[in-house]
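**Student:** Please find one structure pasted underneath; my questions will follow.
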């Protein structure tokens, strides 16, 4: 392989030398598979007092073959390493392991020699020979034994791979992605944003090396795609059975936020197989992935990149997208980690972007990865998903298979929007009308509410009689409103609460003409709101109230279910009567906030811009809005929005469908917020500490255009001393936490969060340690802040649910638990958590 690659003009997959090297590599893999298979068979029948016969045979060959050159020994690196691991697992006495350990030490010695030589030269494999004396001497020895013509001729006689089909005969360096057409979507990586890369690892999982790669990815805080060979996951013979040896690794891949994808079942060149066998290769691995992770798989990478129209049609029929690559690390052929990385960086210098191809089955890949990730960061590259967007828990960039156009969820959309600034008898407000008009505009421009179907009542028009007429008569008219419609009702203004003789409370909306002392005579009570709700024929009614009061009877229903369009059909076919309010009776709603809005409406607008789409399905439900808006508002102001279902709700959920322009604008605003965070982090510690104490005031100054604060792990901050100090404090805190010194850990995390209050991990860790210390009220604030920074961080919803239970607010725990199960349906304790939800829901009616 090495000699062929030395003679290749360029490392293009269609170069005959590269193709021939791949053939020899595949032959090597067949030999290794045979050896490992034999070793497993022998281990079942041979005791552990001696090495396996196949191991003894390898040791004898390595030590006694005179024709074995020093450089040749590098080819046995993976084999020697794995046989040693197998014999150690068999618990062979340490004395018996000595010969195998000596071989591993000898190979590692050679690798270190070549690595040191390469570090001095820093050039790719086979160039500038004079500077690499050891390597050059080895290549000269190979050239004396084999001619280029002989090696190429050997492959022509006994080809393992089909030359024209390997990675596609129409390969072009700048190949564009193909997302439509008769064939499966095809993604190369040339369309990624500049300075972004996607990490992909093929041929695993490997019980030893995949774990080490996961450790490295976790250390550097990046995610990747693992294209697994099905037979490494398990078997599909009548029933799906997972291999025990890789179960823990597969769980780590998914639990740590990476993606497990399809690389065929056997890793054969699929273009040589029959149509039936092609189908089995893809479907069997998809079944194993579904059984392993609980999720359907949408991604496929053909072995060797070998594909033809028949295979692509099959892939499309199974809902798969082909994920190719445009930067080949050649780690399968190159034993020197520094050489692997230099090759990748040189290719990236030309392409500026790419899907990087590695293999999680080689020791050299494990050793190359840390320096690669450091080099990427220093060069300003971001690790992203295959669609170029950030790799978060809620979004993995998986291209969804084309679907038939979804039916409309609603027949017609209606809205009543009320805002009062100029009260006659109550204190005047500044932003209520602005809040209401912005909501009306959002409904029309983003969600298809026709202008003529939006009833707007502002200031003097927002009288008690007008509001009652609209809610009790206009919207109750079955000739106007059908059962397949939705009705959205927004109110911004004063709210009030009256304590009843029974000790319970009753909340009121305050119209423009309500008196201050006798407001009940000209106000809308919560009991009236329930009556109005039951009169409206529409299947979904959603009340959004930017005011504070209590005395509203709510139930908990809906909000669960798996992420799918069928789930949306389910919740939209059921009746929904839902509400969210800006705060409770003992809380004062902030009228002033960012962008000329109250903090509640400002957060709501962001939720409708896509921030609340925590499952990234392109739809926002009222349940998602509640679990996003409530903690975010509470993180900025002394008010906690309450949300739930009114009496009469039957498991439905009000739904908004996002459009593409909304998503793009949301991403742009998030990027603007990141830039602002960079500026703020450049200020001194005192200013940052003050910011934490006065979050709303700072947010008003830096979010006038509606930007939301987001987690900032941008590499542009890497050299910032504040960020480095924060990371150091975070690492020290984590060590203290693992030792059980929670008090010392809390102090370190308090320091870290002052240095960098935008780092999602630090903020979440600080909340968690406060939780463990029993400082629940403080912990809750930082859990709220975590949602504000990253609403797609799945575990936070479990933490919030648990915290509500600890605080004696079990009814408030339910929606957070439901959101957690919705985002993580494969949670190993899902059944237990659902039982807990059912138990908490047994008292179905409660009061806010």
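Numbering (this note's numbering), first residue to last: 88 to 935.
All C-beta atoms in this analysis are idealised placements derived from N, C-alpha and C, irrespective of residue type, glycine included.
Quick caveat: nothing in here was measured; it's all calculated off a predicted structure.
Quick one: using the 10 Å Cβ neighbour count with 16 as the cut-off for buried, is residue 424 buried or exposed?
**Tutor:** Counting Cβ neighbours within 10 Å, residue 424 comes out buried, since at least 16 surround it.
**Student:** Applying the criterion that 16 or more other CB atoms from any shown protein chain within 10 Å of the CB defines a buried residue, is residue 385 buried or exposed?
**Tutor:** With 16 or more Cβ atoms within 10 Å of its Cβ, residue 385 is classed as buried.
**Student:** Please name the residue in 578, 170 and 628 whose C-alpha comes closest to that of residue 570.
**Tutor:** It is 628 whose Cα lies nearest to the Cα of residue 570.
**Student:** Entirely within the stretch 860-903 and at least 4 residues each: give me those alpha helix (DSSP H) ranges in chain order.
**Tutor:** Entirely contained in the stretch 860-903, the alpha helix (DSSP H) runs reaching 4 residues are, in chain order, 863-876 and 882-893.
**Student:** Measure the alpha-carbon distance for residue 458 versus residue 301 and round it to whole angstroms.
**Tutor:** Roughly 15 angstroms between the two C-alpha positions.
**Student:** Leaving out five residues on either side along the sequence, give the residues of the same chain with a beta carbon under 8 angstroms from the beta carbon of residue 133.
**Tutor:** Excluding residues within five positions, the ones whose Cβ falls inside 8 angstroms are 139 and 140.
**Student:** Between which residues of its own chain and residue 415 is the CB-CB distance below 6 angstroms, once the five residues before and five after are set aside?
**Tutor:** Result list for residue 415: 444, in chain order.
**Student:** Please say whether residue 462 and residue 428 have beta carbons closer to each other than 9 angstroms?
**Tutor:** Result yes, Cβ atoms of residue 428 and residue 462 sit closer than 9 angstroms.
**Student:** Starting from residue 663 and walking both ways along the beta strand (DSSP E), at which residues does that stretch end?
**Tutor:** Per DSSP, residue 663 belongs to the beta strand (DSSP E) from 663-670.
**Student:** What residues are listed by DSSP as bridge partners for residue 415?
**Tutor:** According to DSSP, residue 415 bridges with 444.
**Student:** For residue 505, list the residues DSSP reports as bridge partners.
**Tutor:** Note: residue 505 sits in a beta bridge opposite 544 and 578.
**Student:** According to DSSP, residue 473 sits in a beta bridge with which residue or residues?
**Tutor:** Bridge partners of residue 473: none, in fact.
**Student:** Which residues in the same chain have their Cβ closer than 7 angstroms to the Cβ of residue 837, if we skip the five residues on either side of it in sequence?
**Tutor:** Answer for residue 837: 853, listed in chain order.
**Student:** Going by alpha carbons, who is nearest to residue 313 out of 328, 286 and 334?
**Tutor:** Selected option, being the one with the closest Cα: 286.
**Student:** Note down, one range per segment and in chain order, each beta strand (DSSP E) of at least 3 residues found wholly within the stretch 265-339.
**Tutor:** 283-289, 312-315, 321-324 and 326-329, all fully within the stretch 265-339.
**Student:** By DSSP, does residue 742 sit in helix, in strand, or in coil?
**Tutor:** Residue 742: strand per DSSP, three-state reduction.
**Student:** The beta strand (DSSP E) with residue 704 in it runs from where to where?
**Tutor:** Taken as a continuous stretch (DSSP letters only), residue 704 belongs to no beta strand (DSSP E), as it is neither H nor E.
**Student:** Applying the criterion that 16 or more other CB atoms from any shown protein chain within 10 Å of the CB defines a buried residue, is residue 54 buried or exposed?
**Tutor:** Residue coverage of the chain in this structure runs from 88 to 935, which leaves residue 54 outside it and unanswerable.
**Student:** Secondary structure at residue 346, three-state DSSP: helix, strand or coil?
**Tutor:** Reduced to three states, the DSSP call for residue 346 is strand.
**Student:** With respect to the beta strand (DSSP E) encompassing residue 596, which residues constitute its N-terminal and C-terminal limits?
**Tutor:** From DSSP, the beta strand (DSSP E) with residue 596 extends over 592-596.
**Student:** Have a look at the DSSP bridge pairing and note the partners of residue 583.
**Tutor:** Beta-bridge pairing links residue 583 to 595.
**Student:** If you count every other CB in all the chains shown that lies within 10 Å of the CB of residue 451, and 16 or more means buried, which is it?
**Tutor:** Buried.
**Student:** Drop a sphere of 10 angstroms on the beta-carbon of residue 255, count the other beta-carbons inside from all chains shown, and report buried for 16 or more, exposed for fewer.
**Tutor:** Low confidence applies here, because residue 255 scores a pLDDT of 41, under 50, leaving its location unreliable; read the following figure in that light. With 16 or more other Cβ atoms within 10 Å, it is buried.
**Student:** Rounded to the nearest angstrom, what separates residue 876 and residue 870 at their Cα positions?
**Tutor:** Distance between the alpha carbons of residue 876 and residue 870 is about 10 angstroms.
**Student:** What's the gap between the Cα of residue 812 and the Cα of residue 834?
**Tutor:** For residue 812 and residue 834, the distance between alpha carbons rounds to 14 angstroms.
**Student:** Run through DSSP, which three-state label would residue 179 get?
**Tutor:** Residue 179: coil per DSSP, three-state reduction.
**Student:** My understanding is that residue 599 touches residue 520, with C-beta atoms under 8 angstroms, so please give their C-beta distance in whole angstroms.
**Tutor:** That pair is no contact at about 11 angstroms.
**Student:** In the DSSP assignment, find the alpha helix (DSSP H) that holds residue 531 and state where it starts and stops.
**Tutor:** Where residue 531 is concerned, the enclosing alpha helix (DSSP H) stretches over 519-534.
**Student:** What did DSSP end up calling residue 466 once you bin it into helix, strand or coil?
**Tutor:** Here residue 466 sits in coil by DSSP.
**Student:** Have a look at residue 167 and residue 442 and give me their C-alpha separation to the nearest angstrom.
**Tutor:** Answer to the nearest angstrom: the Cα atoms are 31 angstroms apart.
**Student:** Three or more beta-carbon pairs under 8 angstroms between the stretch 689-696 and the stretch 525-537, yes or no?
**Tutor:** Segments in contact, yes.
**Student:** Is residue 699 buried or exposed, if buried means 16 or more other CB atoms sit within 10 Å of its CB?
**Tutor:** The residue is buried, with at least 16 neighbouring Cβ atoms inside 10 Å.
**Student:** Looking at residue 157 and residue 233, is the spacing between their C-beta atoms short of 9 angstroms?
**Tutor:** It is not a contact, given that the beta carbons lie outside the stated cut-off.
**Student:** Look at the alpha carbon of residue 630 and the alpha carbon of residue 730, and state the distance between them as a whole number of angstroms.
**Tutor:** Rounded to whole angstroms, residue 630 to residue 730 spans 10 angstroms at the Cα level.
**Student:** Just to confirm my understanding: we take residue 625, look at its own chain, exclude 5 residues before and 5 after, and list those with CB closer than 6 angstroms. What are they?
**Tutor:** Answer for residue 625: 568, 572, 573 and 574, listed in chain order.
**Student:** Which residues bound the beta strand (DSSP E) around residue 630?
**Tutor:** That run of the beta strand (DSSP E) goes 627-635.
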